[in-house]
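Report on the following structure.
Protein chains in written order, with the numbering used here: chain A, 1 to 346; chain B, 347 to 692; chain C, 693 to 1038; chain D, 1039 to 1384.
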């Protein structure tokens, strides 16, 4: 039985009231399908306001598609995409990138989910050799699947390496809001200004019902994207309902407010959990994720009260688990969870 | 400028108030993602109520995906799918079936969008010949892209032919509600009982915001479908919001009420339009679509007031156009449109 | 039991003695794999001699691959390839184009296997509409699958139409030798000079053991082709044995000699067969193919002596059959076959 | 300039005289295309003699295709294939498996190119989780890309693990002859009897001109394979020339003789090279491959006389290189190469 608010994932949360209101407000009369409507134009202008007039934005239904179609715009089947081994595109999309692009993910083990130039350089030996997939895209996740954050200079270094060798830099920004909020960046400052070429901009985990955006930050990359989106089964007929949500999220900094709230609750959760004997916080808590190692018996007990994911089942006696905070997580939620954790650890 | 309610497509309509209400009601607390939630269980039970306990239902975001993934469950790349040339899968999905399945659509020209056994038989010569794609699925659209309807015995005949040769019968039911309402059928009577193996069940065009269902009507076909759905980029994290919509649509026959309303308005529109000199109704109006041939000059004039699609641009001087009615189309809407049509024809 | 020389297909023939000799001569010592060897350089020079210094040639194993990889260099998955319905890429490759490219073949019915601008124009309505595959390549077969030939001005007209709308012209030249020989053209005159962008150049049906060539006739199209070839499973490790065969075929006009011989025997066969009462020659015999309609009973009788293909099984009582002549077909072979045909027709 | 016989790869060698003879002998008269000919029937019987009457064999052009199509018969796009990171399918096929199957390779780092059950077990955690590709095939290379050999009990253990969890065991046997010769096994004893389900049987590297075989060792796996082969662009029209080569290779143990000769020369090369100061033999020499670490300067010098591959460019000052022996490598060739190596190391 799941309690009212859980810690399994930030996609377990509901829809922010202002986002839901925007949906309701969009429900008047008819609108031309597939995005040729006033709500979509308004949302596109909101993105232009945030990322600049040269940016081009396309809405899709979900994060896996935002990633896969972003990469589809950049790479052909004989290319490869370099990513961290823990990347969502490598681990959690049931092979959608390989299937849809036909290309190889060059997944590099990293301790903290972050790629560094030294991880990328050996792969570049493949350039020009017809027996190997040709490196074409570096894909990073911000914030990472471990809740850690790339610092601006780290992203810049990857962008420079990429561009110097004819590669692109893609950012899986399913939680870019959490990272930008944590670092006090604007969204453009967190992406375009650091050299990111294409961004998967997350909405669902930050208070939307559904909908993500692919944002092209460099001219010339998006020319054929509308065909890729349609063929990729991601062109919404009643587009206005995605667009209206994004307008709400970008208006008045709701995206930052939501992300900051989630981040704050994760810090609170980690600090409280860390005081319980036997709970080891395993990753630096920089955004809205808390990773911990607890005894297998405690996992089992705690799962009776709260659903959550075991991230690494090994070692079997003390697996690593993940707890996520959402835009609507309250201090009371955290207290309740930590109490349950305390009981489970007894 | 689009008027409040238009006739371009039934996907230009908004969301039915009861569906929107269901979405709002689902917006309480957290829910486990990806469909392991009470709303989804309830919707699955609603489908079981309609299609029987052996049916298995999976929700996806949109109609193209419902079709492509249905076929993906039935066919491998060396198979072929037999369909009418005018089929949505052949014409309006930017090649998504070919791309995702890798297989060939064997598209047969038909005068009215309906396939008949005689259309299928010549294709079956390919069976067993390694140089040709192997026929595996017959895919029909009910109601068709021309608004026409298969009669029960016509579907039965196709199902029998398919099953006798080891093929499956798929139904693109983006508008199955309109057909079932027109024929006074139950949904199971319109599909399962006639031999349909897999159904794409449409929601968006019948009053939902987004969401379609893949319904497996014969045991043993759905075993791996959840992997196909995830890899096919159609697994919604906040699934409850699709599920709640379907529950609303199936409750108290809302699906039939919406479809009947749209059908009635199409009949009204056709009968009124037919009285205008020079307007030729080109297809039997059996559901919510009206096809007509009008002079190119009238098309241009009418488009200044209403957006709609030219279905066949040839002959250039008198193209065939399509007008669709929706669940929320009113008699006043029809009157307004017919008046504009009359002005355009002057 | 197949007789020594049959009429089923020009790929039933063996290897020309000069080609086999070239293979034996190449079997000395070691050579670097994958084409970085003297035999391949020599063959590339032979192609440059024939098609000009700007042409770029790549060897593959078989004709299906030459076609699929040619198209792969020109089209992405959201594109479409316009071809005649009877095209080898549409009918006889078990859907390899759809599977490997992911794109749609827009197959147009034509009476004689030849495409004309009027067949192509309606498809171009799709340009720019994201719901439809985008026309990208016109693919023609020379000589066609019916043994007919495009005249130079017919190819020019298609090339001009293609280029004026941003499309490419591909030629499936599995039997380009037969066409060029029949028309007295040089190979460049039959392709490059008429506007063909990419050519599948056939070797196997004209006396080689295995091996076809993809020839890029316009600069800038081949840049990534070596990756497509490798990934497309067509990069031969012991490349020299393909290269040596091509050098032999291009040297001293062996290609034309072989093709002319086959063409002459087809003319002889057709003229003799036509004198037998009840044998209807159904296609103009312009190269090495003879199509005929004979009673089903005669098909059965003749098949006891000779294996050949029924091209169109309908009408069942008088199917259309195909007889092909090869580079090594002799007048005695033709006489023997025609005598058997005469017996079968009694 | 490449010397007469080099050490770059066993595919740099030519064609064994008996194999070439078989090709010449097959060049008489016409034969039905695509494998319905006496030479192919004879070769199939030879395989049945070696692998048993239940084995089914299919010929293809090259090793990449043998691997990719083997896997294609076993796995769908949502599956994964577990292999060693150094596997040919993972490293040297330009992503052909990902592109053609659409599935993920789960490539596990191993020190010696050999997979062990402990490498596989963690991947099996993915079973049943729709977010992850489903493990379906374990693919091993025998002999490995490092020239090392699995012992019979090692293969048995992998087969048992695979079968106990519903997976298959595939063997990339591009050099199965070398391994079987080294271990004194029959070909069936090296594969079928140990639990291998599907085998890529190598011909090209063991004295053939072109051609590899996919051998299904367990009933029921090959039913649709002929469609996969045709669509996978690997159905040779003049099949007899591949078949005749295989008949020659299997007759009188030519395969073993060729492989043993290559293995012996590798042992000789390694033993001689190891005596040169500064040359470090890095892998156990069990078949026909010799891996060594030599100074970068020596690499450069030696490459002026012999072409060969740097296997691992790092560390830059002392890369790891690979030298392969072939069926036709002589003691004199080895002496000449070792002398050149000695000069390069000075």
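We treat Cβ as the ideally placed atom computed from N, Cα and C, and that holds for glycine.
Exercise. Just mark residue 1367 of chain D as buried or exposed, buried being the case when its beta carbon has 16 or more other beta carbons within 10 Å.
Key: buried
Quiz item: Going by DSSP, which residues form a beta bridge with residue 949 of chain C?
Solution: In the DSSP output, where bridge partners are listed per residue, residue 949 of chain C has none listed.
Quiz item: Of the choices A:82, A:138, A:122, A:86, whose alpha-carbon is the least far from that of residue 1170 of chain D?
Solution: A:86
Quiz item: Smallest Cα separation from residue 1102 of chain D: which of D:1335, D:1344, D:1212, D:1076?
Solution: D:1212
Quiz item: By DSSP, does residue 598 of chain B sit in helix, in strand, or in coil?
Solution: helix
Self-check item: 3 or more residues per run - each beta strand (DSSP E) lying fully within the stretch 1251 to 1337 of chain D
Solution: 1327 to 1331
Quiz item: What's the gap between the Cα of residue 930 of chain C and the Cα of residue 158 of chain A?
Solution: 40 angstroms
Practice problem: Could you pull out every residue in the same chain whose Cβ sits closer than 6 angstroms to the Cβ of residue 960 of chain C, ignoring the five residues on either side in sequence? | Solution: 1026
Exercise. Using the Cα positions of residue 786 of chain C and residue 1263 of chain D, report the straight-line distance between them to the nearest angstrom.
Key: 12 angstroms
Quiz item: Alpha carbon to alpha carbon, what distance is there between residue 261 of chain A and residue 645 of chain B?
Solution: 54 angstroms
Self-check item: Beta-carbon contacts of residue 1084 of chain D that lie in its chain and below 6 angstroms, excluding the five residues immediately before and after
Solution: 1285, 1288
Quiz item: If you count every other CB in all the chains shown that lies within 10 Å of the CB of residue 381 of chain B, and 16 or more means buried, which is it?
Solution: buried
Exercise. Evaluate the contact criterion for the stretch 883 to 894 of chain C versus the stretch 1103 to 1110 of chain D: three or more CB pairs, one atom per stretch, below 8 angstroms.
Key: no
Quiz item: residue 1150 of chain D by DSSP, collapsed to three states: which one?
Solution: coil
Quiz item: Within this structure, are the beta carbons of residue 951 of chain C and residue 977 of chain C separated by less than 9 angstroms?
Solution: no
Exercise. Please report the residue range of the alpha helix (DSSP H) in which residue 119 of chain A lies.
Key: 117 to 120
Quiz prompt | Proximity test, Cβ basis, 9 angstroms: residue 1036 of chain C and chain B | solution = no
Exercise. Specify, as a first and last residue, the run of the alpha helix (DSSP H) that residue 410 of chain B falls within.
Key: 409 to 420
Exercise. Could you tell me which residues DSSP puts in a beta bridge with residue 105 of chain A?
Key: A:81
Quiz item: Under three-state DSSP, which class holds residue 141 of chain A?
Solution: strand
Practice problem: Could you name the residues of the same chain whose beta carbon sits closer than 7 angstroms to that of residue 1147 of chain D, not counting the 5 residues immediately before and after it, in chain order? | Solution: 1123
Quiz item: What are the start and end residues of the alpha helix (DSSP H) that includes residue 1379 of chain D?
Solution: 1369 to 1383
Quiz prompt | Chain-ordered residues of the stretch 670 to 685 of chain B with a beta carbon less than 7 angstroms from chain A | solution = none
Quiz prompt | Assigned secondary structure, residue 164 of chain A (DSSP; H/G/I helix, E/B strand, else coil) | solution = helix
Quiz item: For the candidate residues D:1187, D:1076, D:1268, D:1349, whose alpha-carbon lies nearest to that of residue 1281 of chain D?
Solution: D:1076
Quiz prompt | Ranges of the alpha helix (DSSP H) found wholly within the stretch 38 to 64 of chain A, counting only runs of at least 4 | solution = 38 to 51
Quiz item: Going along chain C in order, which residues have a C-beta closer than 7 angstroms to the C-beta of residue 1247 of chain D?
Solution: 930, 933
Practice problem: Spell out a yes or no on whether the stretch 1157 to 1170 of chain D and the stretch 1241 to 1253 of chain D are touching, meaning 3 or more CB-CB pairs, one atom from each, closer than 8 angstroms. | Solution: no
Quiz item: Counting contacts by CB-CB distance shorter than 9 angstroms, is residue 13 of chain A in contact with chain B?
Solution: yes
Quiz item: Between the stretch 1168 to 1199 of chain D and chain B, which residues of the former have a C-beta closer than 7 angstroms to a C-beta of the latter?
Solution: 1168, 1169, 1172
Quiz item: Alpha carbon to alpha carbon, what distance is there between residue 481 of chain B and residue 1154 of chain D?
Solution: 42 angstroms
Quiz prompt | Residue closest to residue 351 of chain B, alpha-carbon to alpha-carbon, out of A:32, A:16, A:23 | solution = A:32
Quiz item: Do residue 880 of chain C and residue 749 of chain C come within 9 angstroms of each other at the CB atom, strictly closer than that value?
Solution: no
Practice problem: Drop a sphere of 10 angstroms on the beta-carbon of residue 878 of chain C, count the other beta-carbons inside from all chains shown, and report buried for 16 or more, exposed for fewer. | Solution: exposed
Self-check item: Pairwise C-alpha distance: residue 254 of chain A and residue 43 of chain A
Solution: 14 angstroms
Quiz item: Near residue 568 of chain B, which residues of its chain fall below 6 angstroms by C-beta distance, leaving aside the five closest residues on each side in sequence?
Solution: 402, 562
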